[in-house]
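Undergrad: Each residue of the sequence shown is one higher than the one before, counting from 12 in this note's numbering.
Even for Gly, the Cβ is constructed at its ideal location relative to N, Cα and C.
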Amino acid sequence: MMEITFTCITCKVKFANGDLQRDHYKSEWHRYNLKRKEADLPPITFKLFEEKKEQFTVQKKQEIINSTTQVNTYCAACGKLFKSINSYNTHISSKRHKENEIKFKEKQQDTESAIVYTVSKKNKAIGVTKTNDVHMNEIQKDKEDMIISDEDNENSEEVNDDDDINEEDAIPTTSCLFCTNKYKTFDDNWNHMKTVHGFFFPDSRFVSDNEAFVEFLGYKIGCGRFCIYCPETRSRFPTIESCRQHMVDKGHCKIDIDGDKIIEYYDFYDYSPLFDENDEEYINQDNPMIDEGYSLILPSGIAVGHRSLQKYYRQNLRHSNELVVYSGNHDNIKKFSNMKAIGTGEPTTPEIKSRARDMKFLRKLKEKYIMQLGIKSNKLFKSKGAQGQARN
12 MMEITFTCIT CKVKFANGDL QRDHYKSEWH RYNLKRKEAD LPPITFKLFE
62 EKKEQFTVQK KQEIINSTTQ VNTYCAACGK LFKSINSYNT HISSKRHKEN
112 EIKFKEKQQD TESAIVYTVS KKNKAIGVTK TNDVHMNEIQ KDKEDMIISD
162 EDNENSEEVN DDDDINEEDA IPTTSCLFCT NKYKTFDDNW NHMKTVHGFF
212 FPDSRFVSDN EAFVEFLGYK IGCGRFCIYC PETRSRFPTI ESCRQHMVDK
262 GHCKIDIDGD KIIEYYDFYD YSPLFDENDE EYINQDNPMI DEGYSLILPS
312 GIAVGHRSLQ KYYRQNLRHS NELVVYSGNH DNIKKFSNMK AIGTGEPTTP
362 EIKSRARDMK FLRKLKEKYI MQLGIKSNKL FKSKGAQGQA RN
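(1) Going by C-alpha distance, which of D214, N177, Q66, G229 is nearest F197?
(2) Which residues in the same chain as F57 place their Cβ atom closer than 7 Å to its Cβ, once the five residues preceding and following it in sequence are excluded?
(3) List the endpoints of the continuous beta strand (DSSP E) containing K91.
(4) Name, in chain order, the residues that DSSP records as bridge partners for V225.
(5) Between D267, I113, Q256, which lies nearest to R241 when the distance is taken from Cα to Cα?
(6) For K236, which of T16, Y194, M258, E275 has the nearest alpha-carbon?
(7) Report yes if the CB atom of W252 is closer than 8 Å to the CB atom of T184, and no otherwise.
(8) Who are the Cβ neighbours of I21 in its own chain at under 8 Å, not counting the five residues just before and after it?
(9) Taking the alpha-carbon of T250 as reference, which of D271, T16, K231 has the nearest alpha-carbon?
(10) Let me confirm a value: T101 is counted as buried when at least 16 other C-beta atoms fall within 10 Å, else exposed. Which label applies?
(11) Going by C-alpha distance, which of K71, N97, K114, T68 is nearest G90?
(12) If you draw a straight line from the alpha carbon of N97 to that of H35, how long is it in whole angstroms?
(13) So, E264 versus D180, is the Cβ gap smaller than 8 Å?
(14) Relative to the alpha-carbon of H108, which residue among E117, L92, F93, C86 has its alpha-carbon at the smallest distance?
(15) Under a Cβ-count criterion, where at least 16 other Cβ atoms within 10 Å of its own Cβ denotes burial, should Y277 be classed as buried or exposed?
(16) Measure how close the beta-carbons of Y280 and S219 come, nearest whole angstrom, since I'm counting them as under 8 Å.
(17) Grab the span of the alpha helix (DSSP H) containing K109 for me, first residue to last.
(18) Using the Cα positions of Y194 and I239, report the straight-line distance between them to the nearest angstrom.
(19) Does any heavy atom of the ligand MN sit closer than 7 Å to the C-beta of L92?
(20) So, for F212: in the same chain, excluding its five sequence neighbours on each side, which residues have a beta-carbon less than 6 Å away from its beta-carbon?
(21) Thinking C-beta only, is H208 closer than 8 Å to F224?
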């Protein structure tokens with residue numbers, strides 16, 4: 012009986028059984044020899060392939076080191092060192108850098124190309140001959156394609172926090188917040204954002220000034236390069252265009268006023284029509300509003316933390332959205348019971364009422380703080396008396 016042999020013609024090797032042969036066909040060595048065969052080159056042994064692979068790996072690691080840790084972009088005009096090209100490009104386009112560049116040129120007139128240069132550490136010698144193996148590059152690329160998955164555009168590179176904010180980048184009220192369209196009047200721009208981008212203010216009937224609100228959002232997007240919907244834990248975008256693209260792609264052409272997020276827009280909402288000016292029943296007098304000076308408990312039960320503990324509050328832990336709603340009856344609240352907007356996703360009356368209590372409490376707390384600050388200032392002020400009055 013004729014003995015069955017298992018061979019690989021491409022690599023010119025024999026195997027004891029079919030399992031070893033099938034495993035060989037999946038190996039990088041076999042794929043490498045297949046590419047050499049396509050280029051009319053003879054196959055190489057497994058030992059030589061391992062040597063080439065090790066040499067190629069060391070070379071690639073050295074290239075990665077040279078392109079990341081060993082080369083840094085330095086701005087001599089501002090005295091800042093940047094580890095990424097994107098953060099460096101963002102910096103040199105800022106107004107502060109251009110001002111420092113002019114001053115630096117005046118001081119360094121005799122030195123050419125001294126504004127920006129590259130700092131490189133001396134490369135350590137590695138006893139490996141640099142090679143350009145096309146077939147090994149193809150093998151490595153195929154391997155990376157099987158391992159590396161596509162990254163989300165949202166994980167954009169973090170911009171250096173030291174970059175200066177240029178107030179001239181603020182988006183005016185006659186320009187769209189989410190695209191490059193410009194209009195002659197704010198009303199035309201407002202209609203465009205509503206119809207094209209579906210933008211609207213939650214609880215819009217309680218917004219005191221639409222144009223001032225849009226101006227604030229334009230400053231946040233243009234100067235800060237922040238998404239108006241994402242939490243503050245998210246890093247800044249490198250450009251205004253990337254920030255706009257993110258909001259359009261993710262459906263973030265909207266603002267969030269749930270929970271304590273409405274505090275950011277405190278100056279633009281007026282819920283006073285919901286309550287009488289002298290009505291204090293919605294505040295539980297037995298419940299202390301301030302907890303050890305580090306947190307403020309609003310009437311709805313939402314806790315607002317002190318800024319010194321912001322790194323703990325910004326951990327973005329999931330929390331309950333249940334609100335403690337006052338159950339009292341008011342005549343002036345009934346007219347809003349059937350005013351829920353259709354198709355806009357506006358909240359029900361109890362949710363609006365809960366936010367109204369929070370905002371009124373914050374307003375009274377602010378007035379109390381201003382009054383206490385004024386009393387303290389009066390105590391610090393010492394009158395010198397009328398002119399000519401004798402001192403004791």
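TA: The relevant details are as follows:
(1) Among D214, N177, Q66, G229, the Cα nearest to that of F197 is on G229.
(2) Taken in chain order, the residues that qualify are W40.
(3) Start and end: 91 to 93.
(4) Answer by DSSP bridge pairing: none, since V225 is not bridged.
(5) Checking the sequence, you will find Cys at residue 241 rather than Arg. For C241, the nearest C-alpha among the options comes from D267.
(6) In the sequence as presented, Lys is not what sits at residue 236; that position holds Arg. For R236, the nearest C-alpha among the options comes from M258.
(7) In the sequence under discussion, the amino acid at residue 252 is Glu, which differs from the Trp named in the question. The answer is no: Cβ separation not under 8 Å.
(8) This sequence places Thr at residue 21; Ile is not what is there. Residues of the same chain with a CB within less than 8 Å of the CB of T21, apart from the 5 flanking positions on each side, are H41, N44, L45, K48, P54 in chain order.
(9) The option with the nearest alpha carbon to T250 is K231.
(10) So T101 counts as buried.
(11) Among K71, N97, K114, T68, the Cα nearest to that of G90 is on K114.
(12) Each residue's alpha carbon lies about 44 Å from the other.
(13) Reading the sequence as shown, one finds Cys at residue 264 and not Glu. It is not a contact, given that the beta carbons lie outside the stated cut-off.
(14) The option with the nearest alpha carbon to H108 is C86.
(15) Under this definition Y277 is an exposed residue.
(16) Confirmed, Cβ separation roughly 7 Å.
(17) First-last of the alpha helix (DSSP H) with K109: 106 to 118.
(18) Going by the C-alpha atoms only, they are around 22 Å apart.
(19) The model on display carries no ligand, and the ligand MN is accordingly not part of it.
(20) The residues are V218.
(21) Their beta carbons are not under 8 Å apart, which means F224 does not touch H208 by this criterion.
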